[in-house]
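Participant:
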Amino acid sequence: MEHLDALHSLLEADRWCERVRAQRDHLPEQTELAEVEAQLRTLLAALKQAQAVHDPLASAYQAAHQSAASLVERRDRLRKTLDTSTGGARELESITHELDSVTNAAAEAEDVELSLLLELEPAAQQVDVIKGQAQPLVARRADLQATIAGLVETLNEELASLLVDRDTRSRAVPEPWRARYEGAAKRVSGAGAALVDAGRCDGCRIALSPLDLDRFKATVSGELMECPSCGRWLLP
Ligand SMILES: [Zn+2]
């Protein structure tokens, strides 16, 4: 029964192809990559939130720092002017008055600067912590992407050579079995034949009725039947 052997051989080749496809499409690295990407998305959302707190504080601190620095500079200049002044009493009084008010303003500005700094520091730390958590994940993501690309390429090469072998085996199946095998293979996107395992078609896993099971037992003669559920050849 040449056609039966040829169909078994083709089924074997298709199952190898299915295994390699399944391996390629369900890489454990792909699962890990999805987890890493989910973690990164969570961290990115947290980073945006932390930056929304940090960034306005940082600009407010910058502004406060500049305004305190210019007041301090003005105060120091006035002190120097006062120390070296040769002017009259009225002029000295006016400088002293200005110095007092600038000194007060500088002290207030420095207080504002300090309180902003105290708020800014934990906010900046929060941003750094999140970036620190993301860094190894970004590196892991790149590793996984490279590994997956390599594995997919290798498995695709393997699949290509299996498909060449599969086509040779397909051409060895005589008609009409070949055409019907290929028709079923196209419909189910896999092997076009199946075996019967514990009363079930092992292609679609659906149990055969007692009547069909009796019919199947008679196919050892070479008169094949198709699975009533999925249409694959049921090979004895
Ligand atoms: Zn079936």
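Heads up: the sequence shown begins at 84 in my numbering, then just goes up one per residue. Just so it is clear, CB atoms sit at the ideal spot from N, CA and C, and this is done for glycine as well. The model shown is predicted, which means the values in this text are computed figures rather than measured ones.
#1: Quick one: any contact between the segment 224-243 and the segment 183-194, if contact means 3 or more CB pairs under 8 Å?
#2: Between residue 141 and residue 148, what straight-line distance do the alpha-carbon atoms span, to the nearest angstrom?
#3: Taking the alpha helix (DSSP H) that residue 171 falls in, what are its first and last residues?
#4: Count the other CB atoms within 10 Å of the CB of residue 137; is the residue buried (16 or more) or exposed (fewer)?
#5: Could you pull the DSSP bridge partners for residue 290 from this structure?
#6: Can you tell which of 221, 268 and 248 has the C-alpha that lies nearest to the C-alpha of residue 126?
#7: From which residue to which residue does the alpha helix (DSSP H) around residue 313 run?
#8: Confirm, please, whether the CB-CB distance from residue 224 to residue 130 is below 8 Å.
#9: Any heavy atom of ligand 1 inside 7 Å of the beta-carbon of residue 277?
#10: Taking the alpha-carbon of residue 159 as reference, which of 183, 292 and 174 has the nearest alpha-carbon?
#11: Could you give the DSSP three-state label for residue 274: helix, strand or coil?
#12: Would you tell me roughly how many angstroms separate the C-alpha atoms of residue 195 and residue 143, rounded to the nearest one?
#13: Go to residue 86, then tell me how far its alpha helix (DSSP H) extends in each direction, as first and last residue.
#14: Given that a residue counts as buried once 16 or more other Cβ atoms are within 10 Å of its Cβ, and exposed if not, what is residue 270?
#15: Is the segment 159-171 touching the segment 199-210 in the sense that three or more CB pairs, one from each, lie closer than 8 Å?
#16: Which of the three DSSP states is assigned to residue 305 in this structure?
#17: If I measure Cβ to Cβ from residue 101 and keep anything under 6 Å in the same chain, skipping five residues before and after, which residues do I get?
#18: Go ahead and pull the three-state DSSP assignment for residue 195.
#19: Which parts of the segment 137-178 are runs of the beta strand (DSSP E), unbroken and 3 residues or longer, counting only runs that do not cross its ends?
#20: Only counting runs of 4 or more residues, tell me where the alpha helix (DSSP H) segments fall wholly within the segment 226-274, in order along the chain.
Facilitator: Taking the coordinates as given:
#1: Contact fails between the segment 224-243 and the segment 183-194, because fewer than three Cβ pairs, one in each stretch, are under 8 Å apart.
#2: Translated into positions along the sequence shown, residue 141 becomes position 58. Translated into positions along the sequence shown, residue 148 becomes position 65. If I take the Cα positions, the gap works out to 10 Å.
#3: Counted from its first residue, the sequence shown places residue 171 at position 88. In the DSSP assignment, residue 171 falls outside any alpha helix (DSSP H), carrying neither H nor E.
#4: As a first step, residue 137 is located in the sequence shown; it is residue number 54 there, counting from the start. Buried, because 16 or more other Cβ atoms sit within 10 Å of the Cβ of residue 137.
#5: The count along the sequence shown starts at 1 and reaches residue 290 at position 207. Residue pairing by DSSP places residue 290 opposite 283 in a beta bridge.
#6: Along the sequence shown, one-based indexing puts residue 126 at 43. Of 221, 268 and 248, the smallest CA-CA separation from residue 126 is found for 221.
#7: Sequence index remark: in the sequence shown, residue 313 carries index 230 (1-based). Neither: residue 313 is in no alpha helix (DSSP H) and is coded neither H nor E.
#8: By 1-based counting over the sequence shown, the position of residue 130 is 47. By 1-based counting over the sequence shown, the position of residue 224 is 141. With contacts defined as CB atoms closer than 8 Å, residue 130 and residue 224 fail to qualify as a contacting pair.
#9: Position 194 of the sequence shown holds residue 277. For ligand 1, at least one heavy atom lies less than 7 Å from the Cβ of residue 277.
#10: As a first step, residue 159 must be located in the sequence shown, where it is residue number 76. Considering only alpha carbons, the answer is 183.
#11: Counting from one through the sequence shown, the residue named residue 274 turns up at place 191. It is coil, neither helix nor strand.
#12: Looking up residue 195 in the sequence shown gives position 112. Looking up residue 143 in the sequence shown gives position 60. One alpha carbon belongs to residue 195, the other to residue 143, and they sit about 10 Å apart.
#13: Sequence index remark: in the sequence shown, residue 86 carries index 3 (1-based). Run containing residue 86: 85-108, per the alpha helix (DSSP H) assignment.
#14: If you number the sequence shown from 1, residue 270 lands on position 187. So residue 270 counts as exposed.
#15: These segments do not touch.
#16: In the sequence shown, counting from the first residue as 1, residue 305 sits at position 222. The three-state secondary structure of residue 305, taken from DSSP, is coil.
#17: Counting from one through the sequence shown, the residue named residue 101 turns up at place 18. Close CB contacts of residue 101 within its chain, under the 6 Å cut and outside five residues either way in sequence, are with 273 (chain order).
#18: Here residue 195 is taken as the residue at index 112 of the sequence shown, counted from 1. Here residue 195 sits in helix by DSSP.
#19: Positions of the beta strand (DSSP E) runs, each at least 3 residues long and wholly inside the segment 137-178, cannot be given because no such run exists.
#20: Secondary structure in the segment 226-274: the alpha helix (DSSP H) runs of 4 residues or longer, each lying completely within the stretch, are 260-271 in chain order.
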